[in-house]
Amino acid sequence: MLKYYGLTFLPWITLAVVADIDDRAGAAAGLAVALAVLVLQRRSGQPWGAQILECSTAVYMAALTAFAVSAPDAGILKYGAALAIGWLAVTAWGGLAIGRPFTEGIARRDVTAEVAATGLFRSIVTVIAVVWATGFTLTAIALACVQHWAPHQTALLIAVKVAGFAVPAVFTARYPEAARKRHFAEHGIDEAAYEQAR
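All residue numbers for the sequence shown refer to the numbering used here, where the first residue is 863 and numbers rise by one.
Below, the structure written as structure tokens:
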């Protein structure tokens, strides 16, 4: 599952790296990667419903590119990192609010339709989405503070960005197995027998 998250977040990583040199170039590079990811996902057969975050990313990158080109000296661009992560937070919380966590589409790629129809699967992807949404929110706030009071502290900015993605990623890698084992133990399900039956 983590490889899909890596691909999904590649436009944001591109934006973060290139925007440190130039806002317009960063936005354009992020948009190019976002569109490439969408094309790649569609060619691999992924439905639009499984690409909530990818579509949201492309919209943000297009809007940011247009704004950065038309108003390159706008003061709000100095908060670019916080705005980008804030957009991810809005997307994640919005998906949860309408009952479509962005994590569901990603997680469905690794499970059968039968597994995806279970309450356990739904619970796991929802918890993971909440963790990502919370991580995005806290990271956006932290980045806004750093960009306001210590904008030249590049190492601190990078550390906040890395932590903002690393903590939810580690949780995402570990939580599903732990949740499944806990669910089996609570319901008296023999895990080995379950795996053989699948």
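Just so it is clear, CB atoms sit at the ideal spot from N, CA and C, and this is done for glycine as well.
> With DSSP run on the structure shown, which of helix, strand or coil describes Ala-933?
Replying inline: Ala-933 carries a coil assignment under DSSP once its states are collapsed to helix, strand and coil.
> Can you name, in chain order, every residue of its own chain whose Cβ lies under 8 Å from the Cβ of Lys-940, other than the five neighbours on each side?
Replying inline: So the qualifying residues of the chain are Gln-1009, Pro-1013.
>> Measuring only the C-alpha atoms, how far is Val-880 from Gly-892?
In response: The alpha-carbon separation between Val-880 and Gly-892 amounts to approximately 8 Å.
> Buried or exposed: Asp-885, going by 16 or more other Cβ atoms within 10 Å of its Cβ?
Replying inline: Buried is the call here.
> What are the boundary residues of the alpha helix (DSSP H) that includes Trp-994?
Replying inline: Here the alpha helix (DSSP H) through Trp-994 covers 981-1011.
> Among Ala-896, Gly-911, Lys-1043, Arg-1044, which residue has its Cα nearest to the Cα of Pro-963?
Replying inline: The shortest C-alpha separation from Pro-963 is found at Gly-911.
> To the nearest whole angstrom, what separates the beta carbons of Ala-951 and Phe-998, a pair I think is in contact under 8 Å?
Replying inline: Their Cβ separation, rounded to whole angstroms, is 4 Å, which keeps Ala-951 and Phe-998 in contact under 8 Å.
> What is the DSSP secondary structure of Gln-903, reduced to helix, strand or coil?
Replying inline: In this structure, DSSP gives Gln-903 a helical state, which the three-state scheme calls helix.
> Does Gly-868 come within less than 8 Å of chain C when only Cβ atoms are used?
Replying inline: The displayed structure is made up of one protein chain only, and chain C is not part of it.
> With Leu-1005 and Ile-914 assumed to form a contact (beta carbons below 8 Å), what rounded beta-carbon distance in angstroms separates them?
Replying inline: About 23 Å separates the two Cβ atoms, so there is no contact after all.
>> Suppose contacts are defined by Cβ-Cβ distances below 8 Å. Is Ala-925 in contact with Leu-897 by that definition?
In response: No, they are not a contact pair.
> By Cβ distance below 6 Å, which residues in the same chain neighbour Ile-968 in space, the five residues on each side in sequence not counted?
Replying inline: In chain order, Tyr-866 place their CB closer than 6 Å to the CB of Ile-968, counting only its own chain and leaving out the 5 sequence neighbours on each side.
> Taking the alpha-carbon positions, what's the Thr-965 to Ala-959 distance?
Replying inline: Straight-line measurement puts the Cα of Ala-959 at about 13 Å from the Cα of Thr-965.
> What runs of the alpha helix (DSSP H), each 4 residues or longer, lie entirely inside the segment 938-987?
Replying inline: Complete alpha helix (DSSP H) runs here, min 4: 942-959, 964-970, 975-978.
>> Could you compute how far the alpha carbon of Pro-873 sits from the alpha carbon of Asp-1052?
In response: If you draw a straight line from the Cα of Pro-873 to the Cα of Asp-1052, it comes to about 42 Å.
> Thinking just about the alpha-carbon of each residue, which of Asp-882, Gly-957, Gln-908 is nearest to the one in Ser-918?
Replying inline: A check of alpha carbon separations from Ser-918 across Asp-882, Gly-957, Gln-908 identifies Gly-957 as the nearest.
> Taking the alpha-carbon positions, what's the Ala-1041 to Ala-979 distance?
Replying inline: So the two alpha carbons sit approximately 16 Å from each other.
> Are the Cβ atoms of Ala-936 and Ala-878 separated by less than 8 Å?
Replying inline: Annotated as distal: Ala-936 and Ala-878, with beta-carbon spacing of 8 Å or more.
> At what residues does the alpha helix (DSSP H) containing Gly-911 begin and finish?
Replying inline: Element bounds for Gly-911: n/a, residue is neither H nor E.
> What is the DSSP secondary structure of His-1049, counted as helix, strand or coil?
Replying inline: If DSSP states are grouped into helix, strand and coil, His-1049 belongs with coil.
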